[in-house]
Amino acid sequence: RKEVEQDPGPFNVPEGATVAFNCTYSNSASQSFFWYRQDCRKEPKLLMSVYSSGNEDGRFTAQLNRASQYISLLIRDSKLSDSATYLCVVPAKGGGSNYKLTFGKGTLLTVNP
Amino acid sequence: EAGVAQSPRYKIIEKRQSVAFWCNPISGHATLYWYQQILGQGPKLLIQFQNNGVVDDSQLPKDRFSAERLKGVDSTLKIQPAKLEDSAVYLCASSLVTFRGNSPLHFGNGTRLTVT
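In the order they appear, the protein sequences are chains A and F.
First residue of the first sequence? That's 1166 in our numbering, and the numbers climb one at a time after it.
First residue of the second sequence? That's 146 in our numbering, and the numbers climb one at a time after it.
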């Protein structure tokens, strides 16, 4: 299994739809996870952190399944402005006590009017 | 708070030339990262600094890439000589000292490099 693997997409959904992306990871020791959002030709920006079983912020819900080693991002009532690439980020043990943050390839979401 | 500053925003060079990028992290952030993002892919870690020490450079092509963070604050990334496949966006990020990688990254705007 790759360190981080995401649904390849792209996802095209109508406004108001509910959409979910999955991300699997290989390092069972990973404790915390992140979802980043990246708009076209912009830098990634933190969307949500996931430290325990899940996290909810308005229309966005992130869930963590440690047994199956995946995290998911659910977007309810999609808006046009949600169109972006969503990046899954997983810490992996590096050298010594260091942890490095590894990004998935990203899932492109387009919300259509 | 001021964000991560990077320069230049854009750079076009010919293959075999050299180029340098600069990054100033958020004040107080001990950890600094350089990522390379090729079009259509997620960011790939090139090098990670903790203060002025390198903690991970396993994916840095050391025959042509070098990076330093001499005073534990700002950093430069250099490519010499550049190849066509180095065309990418180079993202600098910083974070607080992390325990088990649980501190999120804050990214700069990136430098878009085109090698012709």
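Each residue gets a CB set at the ideal place from its N, CA and C atoms; glycine is no exception.
Please read these numbers as outputs of a predicted model, since none were measured by experiment.
Problem - Stretch pair the stretch 152 to 161 of chain F + the stretch 170 to 179 of chain F: three plus CB contacts closer than 8 Å - result: No: the two stretches stay apart, fewer than three of their Cβ pairs being nearer than 8 Å.
Exercise for the section: Give a yes or no on whether 7 Å exceeds the smallest Cβ distance from Gly-255/F to chain A. Expected result: Under the Cβ distance rule, Gly-255/F counts among the residues neighbouring chain A, one pair being separated by less than 7 Å.
Handout entry: CA-to-CA distance, Thr-1189/A to Asn-1277/A, given in whole angstroms
Key = Those two C-alpha atoms are separated by around 27 Å.
Practice task
Could you check the C-alpha separation between Ser-239/F and Leu-1239/A for me, to the nearest Å?
Solution key: Using only the alpha carbons, I get a separation of about 27 Å.
Exercise for the section: Measure from the C-beta of Gln-225/F to each C-beta in chain A and report whether the shortest distance is under 7 Å. Expected result: By this cut-off, Gln-225/F is not an interface position.
Exercise for the section: Report yes or no: do the stretch 1227 to 1239 of chain A and the stretch 155 to 166 of chain F share at least 3 C-beta pairs separated by less than 8 Å? Expected result: Per the Cβ contact rule, the stretch 1227 to 1239 of chain A is not in contact with the stretch 155 to 166 of chain F (fewer than 3 Cβ pairs under 8 Å).
Exercise for the section: Please state whether DSSP places Leu-236/F in a helix, a strand or coil. Expected result: Residue state for Leu-236/F is assigned as strand, using DSSP reduced to three classes.
Handout entry: Residues bridged to Lys-223/F [DSSP beta-bridge criterion]
Key = Lys-223/F pairs with Ala-165/F and Ser-211/F.
Exercise for the section: Would you decide whether Ile-1236/A is buried or exposed? Buried here means 16 or more other CB atoms lie within 10 Å of its CB. Expected result: Ile-1236/A is buried by the Cβ-count criterion.
Problem - chain A residues whose Cβ lies nearer than 7 Å to that of Gln-186/F - result: In chain order: Lys-1270.
Handout entry: Extent of the continuous beta strand (DSSP E) run through Gln-151/F
Key = Here the beta strand (DSSP E) through Gln-151/F covers 150 to 152.
Practice task
For Glu-1216/A, go through chain F and note every residue whose CB falls closer than 9 Å to its CB, in chain order.
Solution key: For clarity, residue 1216/A is Tyr in the given sequence; the question names Glu instead. Those are Asn-247, listed as they occur along chain F.
Exercise for the section: Check whether the Cβ of Asp-219/F lies closer than 7 Å to any Cβ atom in chain A. Expected result: Chain A contact via Cβ: absent.
Practice task
For Val-1169/A, collect the residues of the same chain with a Cβ closer than 7 Å to its Cβ; drop the 5 residues on either side in sequence, then sort them by chain order.
Solution key: Around Val-1169/A: Cys-1188, Tyr-1190, Cys-1253, Val-1255, Thr-1267, Phe-1268 and Gly-1269.
Problem - Under 7 Å between C-beta atoms of Leu-258/F and Lys-156/F - result: Result yes, Cβ atoms of Leu-258/F and Lys-156/F sit closer than 7 Å.
Handout entry: Close Cβ partners of Ser-1248/A (< 7 Å) along its chain, the five nearest in sequence each way excluded
Key = Within the same chain, Ser-1248/A has close Cβ partners Leu-1274, Thr-1275 and Val-1276.
Practice task
Closer than 7 Å by beta-carbon distance: list the chain F residues that pair up with Phe-1199/A, in chain order.
Solution key: The contacting residues are Pro-249.
Handout entry: Alpha-carbon spacing of Lys-1207/A relative to Met-1213/A, whole angstroms
Key = Computed Cα separation, rounded: 18 Å.
Problem - Segment limits, beta strand (DSSP E) that includes Asp-201/F - result: Start and end: 198 to 201.
Handout entry: Where the beta strand (DSSP E) through Leu-1273/A begins and ends
Key = Per DSSP, the unbroken beta strand (DSSP E) holding Leu-1273/A starts and ends at 1272 to 1277.
Problem - Pro-1209/A at chain B interface by Cβ criterion, 7 Å - result: Looking for chain B here will not work: the only protein chains present are A and F.
Problem - Ala-1182/A and Ser-1243/A closer than 7 Å at C-beta - result: The answer is yes: Cβ separation under 7 Å.
Exercise for the section: Return helix, strand or coil for Asp-1222/A, following the three-state DSSP convention. Expected result: It is a strand residue.
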